[in-house]
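Residue numbers (this note's numbering), protein chains in the order written: chain E, 4 to 362; chain C, 393 to 699. Where is the CB? At the ideal position from N, CA and C, for every residue including glycine. Keep in mind it's a predicted model, so treat the numbers as computed, not measured. The structure under discussion appears below in the form of structure tokens.
So, in structure tokens, the structure goes:
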């Protein structure tokens with residue numbers, strides 16, 4: 004099952020089977036392992052959903068005819084997700100990946116109805132016997148690009164094109180800013196909330212607004228490459244999101260945080276095949292290969308390059324934690340004590356900003 | 393605020409308003425002829441993907457724009473055949489066209505994801521188009537000027553020309569227009585095609601000028617705002633221009649206010665503002681006229697058959 008055409012046909016085949024439940028296959032030892040995915044965006048977003056689909060393709064490459072994958076894209080977070088999950092479950096999939104935070108409740112709900120099917124929910128915190136969660140420590144990557152921004156910014160200001168103030172995004176902003184501040188103690192990070200994950204024109208306008216306000220480093224937590232294009236047009240630097248976005252902004256693109264889910268997907272599928280799959284929570288970072296950095300642009304100075312490499316290595320080795328105390332929020336309350344570092348509990352509930360962030 | 397910043401904000405504002413103006417102006421003409429085409433978003437996406445695909449393949453942005461116009465017209469003709477010739481419900485057909493446009497553009501665009509083309513540039517020489525202040529006037533791309541010329545042109549056409557009068561007659565009273573010998577369906581086809589052409593251009597403004605790339609659902613719902621603008625304008629091109637720039641201004645200033653850290657006005661309020669304005673304008677209009685139909689063409693959305 005290596006050709007694209009074969010894969011596509013099987014993808015459609017799975018969808019057809021779900022509309023004709025009478026043809027639905029029972030799991031048997033001979034038949035390939037059915038693996039379903041639901042994505043919040045289009046796989047053509049070249050961002051977050053695309054990276055999950057790369058993970059799905061990696062599964063097909065690794066296991067060939069032993070697996071049969073299918074996916075549903077553009078699934079709205081909410082009741083639609085339950086319908087999509089049920090459809091994949093009824094189509095005979097034995098392992099289903101729900102790849103966005105907002106799929107959490109539907110996943111738990113559908114998992115109860117299909118106790119024999121295993122579910123994996125990305126970036127959530129609710130688990131069950133047959134629901135595991137997995138997440139990536141994107142903030143580690145943000146600490147690396149923050150280091151580069153601190154070294155390269157002339158105005159000492161970064162613009163952050165953000166989606167929604169959920170802990171995942173807030174910790175990214177703090178991690179980026181703290182790393183930049185280590186290099187330049189006066190560094191400022193301005194945030195514009197777009198209230199959407201995906202609206203290219205609005206993301207571009209947000210980037211332009213930030214550039215107008217003096218930012219010469221643009222980073223983002225939305226899904227399109229539009230902010231990079233705006234940076235390229237205005238002659239400032241920017242960082243890609245979720246995948247290497249250099250093609251969109253050859254001059255502006257300094258590096259990118261690259262999500263890589265394939266290692267985890269391959270491992271978990273193996274466990275289902277071997278019957279050793281168990282529920283659990285995995286939060287992998289640079290060390291585990293979940294988070295990678297895209298190759299640096301030639302414009303990145305040797306000094307910034309060296310510092311970024313050091314931060315990457317130290318995080319991977321566990322000698323550096325991006326959230327090391329003492330950390331105070333903007334009201335002056337100590338959130339992480341001196342010498343300690345933020346626990347996963349603190350990170351997963353983060354709703355405060357450190358000094359120097361305008362959010 | 394420095395003048396450089398003001399200029400930059402104005403540039404962003406104009407760029408944000410232009411696709412809205414193009415798409416809504418086309419829809420205005422179609423509605424003036426009595427056709428309610430809710431497929432604007434779908435036609436915009438068809439134009440966006442066709443424009444990008446041809447510009448990318450041929451290396452010529454001009455060819456891309458031509459392709460966008462043709463794709464918009466082609467999409468609008470699907471609607472025209474179903475809703476005009478076959479008398480299908482216009483609301484349902486228009487919605488179907490939008491859903492079709494989302495799917496078709498995604499299919500066509502699949503091979504172009506992750507590519508980029510050269511941005512549609514200013515038409516005046518660099519001395520003018522890169523002047524720190526004058527670039528507001530001279531630094532725009534061709535579609536900005538075209539959209540403004542079209543506002544004047546459409547206004548003149550509808551108000552001052554015989555052809556415009558006939559188009560309005562078809563929209564106000566199709567049976568009478570038919571009785572005195574005007575080809576109602578042919579005129580409506582032409583109006584729908586014009587709407588499709590401008591929606592296609594409006595879509596291409598995203599894929600060739602604002603964010604020169606193809607990504608699924610690139611227009612992110614602007615087609616619906618364009619539809620609302622037509623009602624907001626009370627079917628008058630001049631007021632449509634005002635409305636489109638008002639929406640563009642609010643969309644831009646919302647982000648600028650956030651970036652500037654202006655705390656006294658909640659950004660959420662700015663995000664609501666254009667819609668509040670729409671409701672206010674509609675309310676004022678219906679209070680003033682007491683007709684209860686807000687100046688809408690009388691035959692808007694009604695099927696016509698010559699029998």
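Neighbouring residues, chain C, relative to residue i (Cβ below 7 Å)
i	result
residue 361(E)	653
residue 195(E)	647, 650 and 651
residue 251(E)	508 and 605
CA-to-CA distance, residue j to residue i, given in whole angstroms
i	j	result
residue 170(E)	residue 281(E)	27 Å
residue 417(C)	residue 632(C)	7 Å
residue 595(C)	residue 439(C)	5 Å
residue 410(C)	residue 425(C)	23 Å
residue 534(C)	residue 452(C)	14 Å
residue 26(E)	residue 614(C)	Only weak support is given to the placement of residue 26(E): the predicted model assigns it a pLDDT of 39, under 50, and the value that follows is read from those uncertain coordinates. Approximately 42 Å between the Cα atoms of the pair.
residue 68(E)	residue 247(E)	30 Å
residue 31(E)	residue 446(C)	Confidence in residue 31(E) is poor, its pLDDT being 46 and thus under 50, which makes the residue's placement too unreliable to answer from.
residue 698(C)	residue 570(C)	7 Å
residue 249(E)	residue 543(C)	39 Å
residue 276(E)	residue 97(E)	10 Å
residue 40(E)	residue 357(E)	36 Å
residue 29(E)	residue 268(E)	Since pLDDT at residue 29(E) reaches only 43, below the 50 mark, its modelled position is unreliable, and the value read off the structure follows with that caveat. The alpha-carbon atoms of residue 29(E) and residue 268(E) are separated by roughly 23 Å.
residue 24(E)	residue 59(E)	In this predicted model, residue 24(E) has a pLDDT of only 39, less than 50, meaning its place in the structure is not dependable; the value taken from the coordinates is given anyway. So the two alpha carbons sit approximately 24 Å from each other.
residue 397(C)	residue 516(C)	22 Å
residue 87(E)	residue 77(E)	10 Å
residue 145(E)	residue 454(C)	40 Å
residue 105(E)	residue 581(C)	44 Å
residue 541(C)	residue 399(C)	22 Å
residue 654(C)	residue 210(E)	17 Å
residue 481(C)	residue 472(C)	11 Å
residue 507(C)	residue 605(C)	6 Å
Proximal chain C residues relative to residue i, where beta-carbon distance stays under 9 Å
i	result
residue 114(E)	Per Cβ cutoff of 9 Å: no residues; residue 114(E) is ~29 Å from chain C at best.
residue 162(E)	651
Continuous beta strand (DSSP E) stretch holding residue i: start and end
i	result
residue 121(E)	121-125
residue 137(E)	134-139
residue 162(E)	160-165
Three-state secondary structure (DSSP) of residue i
i	result
residue 265(E)	helix
residue 650(C)	helix
residue 196(E)	strand
residue 424(C)	helix
residue 513(C)	coil
residue 347(E)	helix
residue 316(E)	helix
residue 333(E)	coil
residue 606(C)	strand
residue 467(C)	helix
residue 611(C)	coil
residue 322(E)	coil
residue 617(C)	helix
residue 131(E)	strand
residue 338(E)	strand
Residue range of the unbroken alpha helix (DSSP H) whose run includes residue i
i	result
residue 538(C)	534-552
residue 529(C)	527-530
residue 448(C)	432-450
residue 695(C)	Neither: residue 695(C) is in no alpha helix (DSSP H) and is coded neither H nor E.
residue 589(C)	576-596
Proximal chain E residues relative to residue i, where beta-carbon distance stays under 9 Å
i	result
residue 608(C)	44, 45, 46, 47, 48, 76, 77 and 201
residue 408(C)	204, 205 and 208
residue 513(C)	Within 9 Å Cβ-Cβ: nothing; residue 513(C) doesn't reach chain E, min ~11 Å.
residue 530(C)	By Cβ distance, chain E contributes nothing, its closest Cβ being about 18 Å from residue 530(C), past 9 Å.
residue 401(C)	211, 212 and 215
Neighbouring residues, chain E, relative to residue i (Cβ below 7 Å)
i	result
residue 505(C)	47 and 49
residue 602(C)	204 and 207
residue 502(C)	47
residue 397(C)	215
Chain-ordered neighbours of residue i on chain B, where CB pairs are closer than 8 Å
i	result
residue 236(E)	Considering every chain present, this structure includes no chain B. Its protein chains are E and C.
Chain-ordered neighbours of residue i on chain C, where CB pairs are closer than 8 Å
i	result
residue 73(E)	Residues of chain C passing the Cβ test: none, with the nearest at roughly 17 Å.
residue 365(E)	No answer is possible for residue 365(E): the residues shown for chain E start at 4 and end at 362.
residue 258(E)	The premise fails here: residue 258(E) is roughly 17 Å from chain C at the closest Cβ pair, so nothing lies under 8 Å.
residue 152(E)	Ordered by position in chain C, no residue passes the 8 Å Cβ test against residue 152(E), which lies about 17 Å from the chain.
Where residue i meets chain E, residues with beta-carbon distance less than 8 Å
i	result
residue 643(C)	205 and 208
residue 598(C)	203 and 204
Identify every run of the alpha helix (DSSP H) within the segment 20-101 of chain E, keeping only runs that are complete inside it and at least 4 residues long; order them along the chain.
51-66 and 82-93
Secondary structure, beta strand (DSSP E): runs of 3+ residues fully inside the segment 201-279 of chain E:
220-223, 240-245 and 256-262
Entirely enclosed beta strand (DSSP E) segments - the segment 279-306 of chain E, minimum 3 residues
The segment 279-306 of chain E contains these whole beta strand (DSSP E) runs: 284-287 and 294-296.
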